[in-house]
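For reference, the structure discussed in these notes is given below.
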Amino acid sequence: MKYSQWIGILAAITLVIACFIPWTYHPDVQKNFTGFFSENNLYGRPGKFFVTFAIIASIFFLIPRVWAKRWNLLFTAIIVAFAIRCFLVYTGCYHGICPEKKAGIWLVAISSIVMLLMAVFPDTKLPEQKKNGQ
Numbered sequence: 001m002k003y004s005q006w007i008g009i010l011a012a013i014t015l016v017i018a019c020f021i022p023w024t025y026h027p028d029v030q031k032n033f034t035g036f037f038s039e040n041n042l043y044g045r046p047g048k049f050f051v052t053f054a055i056i057a058s059i060f061f062l063i064p065r066v067w068a069k070r071w072n073l074l075f076t077a078i079i080v081a082f083a084i085r086c087f088l089v090y091t092g093c094y095h096g097i098c099p100e101k102k103a104g105i106w107l108v109a110i111s112s113i114v115m116l117l118m119a120v121f122p123d124t125k126l127p128e129q130k131k132n133g134q
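Structure (structure tokens):
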């Protein structure tokens, strides 16, 4: 894809912004949880992980080497796996109470998948092989 690296970087920026947007609303404590806040830090701070890995993936999107594209595939796959884990943990019901899903959790899921797709289809120019006799 011609613009895969720029779409991947845009998705990484969206992922970082989504960490600050409310992910879920928990009616029992009447609070919104984000990537950096949960009641008594119960779910941890996955926003730190997402910001760090999004920066690393963005750097790999910018490096025009095959090894960088391969490492980027690994990093974006880890981001998707962690996004699935966060989606399940944050939106799971407990004690008969189901939190309300907000826009942030959906942005995390969608942007991480877009990053993975852009890492799968990088825009790299492979050097031509020299033919014998020329």
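Anchor point for the sequence shown: position 9 equals 9 in the UniProt record's numbering, and the numbering is continuous, going up by one each time. Note that beta-carbon positions come from the ideal geometry of N, C-alpha and C, so glycine has one too.
Sequence-distant residues of its chain with Cβ nearer than 7 Å to residue i (five each side left out)
i	result
residue 58	9 and 12
residue 66	124
residue 112	15, 79, 80 and 83
residue 25	32, 99, 100 and 102
Of the listed residues the options, nearest to residue i (C-alpha basis)
i	options	result
residue 49	71, 3, 99 and 75	75
residue 72	44, 122 and 7	122
residue 106	17, 64, 96 and 2	17
Where residue i sits in the DSSP three-state scheme
i	result
residue 128	coil
residue 34	coil
residue 97	strand
residue 90	helix
Assumed close pair residue i, residue j - CB separation to whole angstroms, cut-off 8 Å
i	j	result
residue 27	residue 97	6 Å
residue 22	residue 86	At roughly 13 Å, the Cβ-Cβ gap does not stay under 8 Å, so residue 22 and residue 86 are not in contact.
Buried or exposed by the 16-neighbour rule on C-beta atoms within 10 Å, applied to residue i
i	result
residue 34	buried
residue 19	buried
residue 116	buried
residue 104	buried
residue 5	buried
Beta-carbon contacts of residue i that lie in its chain and below 6 Å, excluding the five residues immediately before and after
i	result
residue 119	72, 73 and 76
residue 7	118
residue 36	45 and 47
residue 60	68, 71 and 72
residue 51	16
Close Cβ partners of residue i (< 8 Å) along its chain, the five nearest in sequence each way excluded
i	result
residue 89	43
residue 3	123
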